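**Student:** One structure is given below, represented as structure tokens, and several questions about it will come after.
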Amino acid sequence: MRKPTVLKTPVWRAAGFAALLGLGLISNPVQSAAASGGDTVHSLYDALLSTMKNGRTLGQSGRFTQLEPVIRRTFDIASMARLSVGPSWATLTEAQRQQVTESFGRYISAIYADRFDSYAGQKLQVIGEQPAMAGIMVRSQVIKANGEPVNVNYMMRRNGDSWLISDIYLDAAISEVATRRSEFAAILKSQGIDGLIAALNRKADILTATTAKAS
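Shown next, in the form of structure tokens:
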């Protein structure tokens, strides 16, 4: 059986991104709109920390079930999906846009559930926020278990009273959305939007040992 076409997760895998993003700042998970971009980032990592500490007990599908609603609450999934698809988005029907957005959300959630599976004392330090063309950039420094610091910045976009993550920059340079857009372009060219939707769901299934939701 041919291996799935997609999705080498270069930002997370090549740079050890998931291993870097365990954290140590604990507060109550946000149940209502976050007051600032930093609050959104903290709420994400509170959930990740809890999942990491219970990772083995939860298992792959359990981590996915726990993290998926958090990812969908803190990430601007619709905007990230649109930008990752690129110019082809303009040619899609509304039904196709909804399908690819749903599949993209499953895929991102599955990556986090797969990578954040254990805790080794890592810490996250939010350095501050600064205005950006697209909203606010939340600057942070992730301290790995060996004490090595890594800069991870979050582009935040206002959505009503809350701030959502619209992109992630590793070492202030590598854009997650730009990386996805490069990956998706090849699949869209050879397999079209249906092929991309299938590839996203297939990868999510592999990472979480679950079955894709019916369209």
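Take the position in the sequence shown, starting the count at 1, then add 259; the result is the number in the working numbering. The C-beta atom is built at its ideal place from N, Cα and C for all residues, glycine as well. Everything numeric in this text was worked out from a predicted model, so none of it was measured.
1) Is DSSP giving residue 392 helix, strand or coil here?
2) Leaving out five residues on either side along the sequence, give the residues of the same chain with a beta carbon under 7 Å from the beta carbon of residue 439.
3) On the DSSP bridge assignment, give the partners of residue 429 in chain order.
4) Could you check where the alpha helix (DSSP H) with residue 325 kicks off and where it finishes?
5) Based on Cα-Cα distance, which residue from 450, 374 and 416 lies nearest to residue 310?
6) Where does residue 392 land, buried or exposed, given buried means 16+ other C-beta within 10 angstroms?
7) Quick check: is the beta carbon of residue 337 nearer than 9 Å to any beta carbon in chain C?
8) Between the region 419–431 and the region 440–448, do three or more beta carbon pairs fall short of 8 Å?
9) For residue 322, is the classification buried or exposed, using 16 other Cβ atoms within 10 angstroms of its Cβ as the cut-off for buried?
10) Per the DSSP calculation, residue 423 is bridged to which residue(s)?
11) Quick one: using the 10 Å Cβ neighbour count with 16 as the cut-off for buried, is residue 394 buried or exposed?
12) If contact is defined by three or more beta carbon pairs under 8 Å, each pair taking one atom from either stretch, is the region 294–314 in contact with the region 329–343?
13) Mapping the DSSP letters down to three states, classify residue 364 as helix, strand or coil.
14) Assuming contact is defined by CB atoms lying nearer than 9 Å, are residue 388 and residue 296 in contact in what I supplied?
15) Measuring only the C-alpha atoms, how far is residue 341 from residue 324?
16) Can you look up residue 406 in the DSSP assignment and give me helix, strand or coil?
17) Tell me whether residue 303 sits in a helix, a strand or coil according to DSSP, three-state version.
18) Please state the DSSP three-state secondary structure of residue 449.
**Tutor:** By the coordinates alone:
1) Position 133 of the sequence shown, counted from the start, is the residue given in the question as residue 392. The answer is coil: DSSP assigns residue 392 none of H, G, I, E or B.
2) Stepping through the sequence shown from its first residue, residue 439 is reached at position 180. The beta carbon of residue 439 sits closer than 7 Å to those of 343, all from its chain and outside the five residues before and after it, given in chain order.
3) Along the sequence shown, one-based indexing puts residue 429 at 170. Residue 429 has 411 and 433 as its beta-bridge partners, per DSSP.
4) Along the sequence shown, one-based indexing puts residue 325 at 66. For residue 325, the uninterrupted alpha helix (DSSP H) run begins and ends at 314–333, by DSSP.
5) Here the question's residue 310 lines up with position 51 in the sequence shown. In terms of CA proximity to residue 310, 374 leads the group 450, 374 and 416.
6) Numbered from its first residue, the sequence shown carries residue 392 at position 133. By the 10 Å Cβ count, residue 392 comes out exposed.
7) Here there is only one protein chain, and chain C is not present.
8) Here the region 419–431 does not lie against the region 440–448, with fewer than 3 beta-carbon pairs under 8 Å apart.
9) Here residue 322 corresponds to residue number 63 of the sequence shown, with the count starting at 1. It is buried - the Cβ of residue 322 has at least 16 other Cβ atoms within 10 Å.
10) Residue numbering aside, residue 423 sits at position 164 when the sequence shown is read from its first letter. Residue 423 pairs with 416.
11) As a first step, residue 394 must be located in the sequence shown, where it is residue number 135. The C-beta of residue 394 has 16 or more other C-beta atoms within 10 Å across all chains shown, which makes the residue buried.
12) Three or more beta-carbon pairs separated by less than 8 Å link the region 329–343 to the region 294–314, which places the two stretches in contact.
13) The sequence position of residue 364 within the sequence shown is 105, counting from 1. In the three-state reduction of the DSSP assignment, residue 364 falls in the helix class, which pools H, G and I.
14) The residue given as residue 388 occupies position 129 in the sequence shown. The residue given as residue 296 occupies position 37 in the sequence shown. Cβ atoms of residue 388 and residue 296: closer than 9 Å.
15) Numbered from 1 along the sequence shown, position 82 holds the residue referred to as residue 341. Numbered from 1 along the sequence shown, position 65 holds the residue referred to as residue 324. Spanning the two alpha carbons is a distance of roughly 24 Å.
16) Residue mapping note: residue 406 aligns to position 147 of the sequence shown, counting from 1. Residue 406 falls in the coil class under three-state DSSP.
17) To locate residue 303, count along the sequence shown from 1; it is residue 44. Looking at residue 303 - three-state DSSP - the assignment turns out to be helix.
18) Residue 449 sits at position 190 when you count from the first residue of the sequence shown. In the three-state reduction of the DSSP assignment, residue 449 falls in the helix class, which pools H, G and I.
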